[in-house]
Amino acid sequence: MNVQLTDEQRAVREGVARVCARFDDAYWLARDRDGQFPHDFCRALIDAGWFGATMPVEYGGAGLGMREAALIMHEIGKLGAAAATSVHINIFGPHPVVRFGSESLKRRTLPRLVSGEDRPCFGVTEPDAGLNTTDIKTFARRKGDRYVIDGRKVWTSTAQHANKILLITRTTPKADCARPTDGMTLFYTDLDRSRIEVREIEKMGRKAADSNQIFIDGLEVPEEDRIGEEGKGFSYLLHGINPERIIVTAGFNGATRAVLDKAVRYAGERVVFGRPIGQNQAIQHPLADIWARLTAAELLTWQAATLYDTDQPCGAECNAAKYLGGEIYFDAATRAVRTHGGFGYAKEYHVERYFREAVLPLIAPISQELVLCYIAEKVLGLPKSY
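This note's numbering numbers the first residue of the sequence shown as 89 and each following residue consecutively.
Given below as C-alpha cells:
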C-alpha cells in the first residue's frame, strides 16, 4: 500500500507479512483442493498476537486503529479470499459488541475472541431479504429473562467452525413499526448446534472458508447476550458497516496486488517469438493501467480508514473504496489469466484461483449497484431509487 507509514505501522505490516510468508501458494492451492479450513494459518496469527488487533487493550486486544487493521488485511488478502475470510472476524471482531455491548458482555466475550478460544460468525443475510435487511423474518420472542429465536440465515461464513454468532433478529413485526428499521434486535450468543442446523453451500471459490445456510429452531438466548437495547439492533449493525467496508476492501486490494505481481512476473519471464511477452505494449499497457487504478483504490481505502480513526464522516469514502476495490480486483484477475494465456487456466499457476475469487467483491458484502445508489443519493443528492 503506497502510503506514508509510521514506524509502528511499518512494524505491523512487516510482522503480519512474516506470518503470511510461511503459507505460500502451494499451501493455499492445497486448501482450495481439499476444502480444509486453514486452522494452522489461524493459529500462526493467534500465536503472533494478531487476533483482536483492533479490540480494546482492557479486553486483551492491541487497541490498534482502522488504518492498522487495513494494513493487516492488505497483507493477508495477498494470500487470497480464503485466508482473509478465515480470520477477519477475529482480527476485527464483532464491532457492535465493542461499541454497544454491556460491560458484562464485553468481559465475557472479547478476551476469548482475542485468544482464539471463540470463533464467531455473522448471521445477517436471509434468503428472501437479501440486502434488504429490514425485511428479515428471523424472530426473537421474549420469554421471561430469555429470548426464543426461530428463523434462517444464508451466506453465513465460517459457521462450520464457529461457536459464536452475531445474530440480527426482529423482536417486533415490521408491520407494527413506525419505521422499517425499528423493532430489530442484535445478539452475540452461542451457536448452539442442538438448535441451529448448519448446511454448507458449494460455491465457485474460497473453498477453504465455508459459506452456509443456517436454520434456527427454538434457540434460547439469555437476555445478557443482547447487544444494547431491544429494538435498536439495526442502528447498532450500521455502526459496523463502515469499518467492515474498510477491512474487506483492504483485503481485496491485497489480493489485487498479489495477482498483478504474478502477471508482471510471468510477463517478464515468458518468451514468445524470441522476446519476453512483457515487451509487447498489448501486455504492458493493461498491467500498467491496473497498477494506476489499484494505487488509487488503495489510497482511497487509506483515506477512509483515516477518516474513521479521526471520528469523521466516512460513509462515501468507505463505499467508494469498496466499489473501486471490487472493480480493479476483477479486472486484475482477468488480466492475469489472459497474460498467462493457456497456463492461466491451469491451477498450478494460481491465477485462476484469484480469478474465481474475484467475482465475490462485485456482489458482497454489498453489490456494486447498491454502492452506486448510495453515492448517488448521499453524495450527489439525487432521489432515492429503491
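Built from N, CA and C at the ideal position, the CB exists for glycine as well. Quick caveat: nothing in here was measured; it's all calculated off a predicted structure.
Asked: Sufficient close CB pairs (3 or more, under 8 Å) joining the stretch 376 to 389 to the stretch 303 to 311; Found: no
Asked: Among 158, 202 and 462, the one whose alpha carbon lies nearest that of residue 101; Found: 158
Asked: Unbroken stretches of the alpha helix (DSSP H), 4 residues or longer, contained in the stretch 148 to 172; Found: 154 to 165
Asked: Beta-carbon gap between residue 165 and residue 342 smaller than 8 Å; Found: yes
Asked: Nonlocal neighbours in the same chain, by C-beta distance under 6 Å from residue 348, ignoring five residues either side; Found: 378 and 420
Asked: For residue 252, the first and last residue of its enclosing beta strand (DSSP E); Found: 252 to 258
Asked: Best match in 113, 161 and 155 for proximity to residue 133 [C-alpha to C-alpha]; Found: 161
Asked: Straight-line gap, residue 456 to residue 450 (C-alpha atoms, nearest Å); Found: 6 Å
Asked: Unbroken alpha helix (DSSP H) run spanning residue 302, endpoints; Found: Here residue 302 belongs to no alpha helix (DSSP H); instead the beta strand (DSSP E) covers 300 to 310.
Asked: Status (buried if at least 16 other CB within 10 Å, exposed otherwise) for residue 140; Found: buried
Asked: Three-state class that DSSP yields for residue 273 in the structure shown; Found: strand
Asked: Endpoints, beta strand (DSSP E) assigned at residue 209; Found: 208 to 211
Asked: Pick from 336, 410 and 465 that is closest to residue 173, judged by C-alpha positions; Found: 336
Asked: Residue range of the alpha helix (DSSP H) that includes residue 134; Found: 127 to 135
Asked: Same chain, Cβ closer than 8 Å to residue 276, five either side skipped, listed in chain order; Found: 182, 184, 185, 189, 193, 197, 208, 252, 253, 254, 255, 313 and 315
Asked: Buried versus exposed call for residue 212 [16 or more other C-beta atoms within 10 Å across all chains shown]; Found: buried
Asked: The stretch 283 to 303 / the stretch 231 to 243 touching (three or more Cβ pairs under 8 Å); Found: yes
Asked: Exposed unless 16 or more other CB atoms sit within 10 angstroms - verdict on residue 473; Found: exposed
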